[in-house]
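What follows is a set of notes on a single structure, which appears directly below.
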Amino acid sequence: MPGRNAAVQKARDALARSGRGDARRGYRELVEAWQGLQGFTENDDESAALAAQLLKAMERLGAGLDQTNVPDEDKPLIAE
Numbered sequence: 003m004p005g006r007n008a009a010v011q012k013a014r015d016a017l018a019r020s021g022r023g024d025a026r027r028g029y030r031e032l033v034e035a036w037q038g039l040q041g042f043t044e045n046d047d048e049s050a051a052l053a054a055q056l057l058k059a060m061e062r063l064g065a066g067l068d069q070t071n072v073p074d075e076d077k078p079l080i081a082e
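Sequential numbering from 3 applies to the sequence shown in the working numbering.
The following block contains the structure:
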């Protein structure tokens, strides 16, 4: 697990890039940054604020994604 400073920087970078480029990749980057902050949000106000911003960005970006053709990652793909 990365340290707090690395997690905070990753969150800042993800927020700065959100909305640019591939939406799915951006969403995944936001999720990973949010997950990286989870060990620090309880006792660190900056981490908690960044986590809240990441959630808002995920909601905004996720609302625009077409989710009708997303495979279930828990199930293997079957060739037709």
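Even glycine gets a Cβ: it sits at the ideal position worked out from N, Cα and C.
Quick one: grab the DSSP three-state call for residue i.
i, result
"Asn7", "helix"
"Ser49", "helix"
"Arg22", "coil"
"Glu61", "helix"
Given residue i, which residues of its chain have a CB within under 6 angstroms of its CB, disregarding the five upstream and five downstream residues?
i, result
"Glu31", "Ala16"
For residue i, I'd like the list of residues in its chain whose CB is within less than 8 angstroms of its CB, leaving aside the five on either flank, ordered along the chain.
i, result
"Leu57", "Trp36"
What's the call for residue i, buried or exposed, on a 16-neighbour Cβ count within 10 Å?
i, result
"Ala8", "exposed"
"Ala53", "buried"
"Gly5", "exposed"
"Gly21", "exposed"
"Ala13", "buried"
Which residue marks the beginning of the alpha helix (DSSP H) containing residue i, and which one marks its end?
i, result
"Glu31", "25 to 39"
Three-pair Cβ contact test at 8 angstroms for the region 42 to 51 versus the region 17 to 33: no
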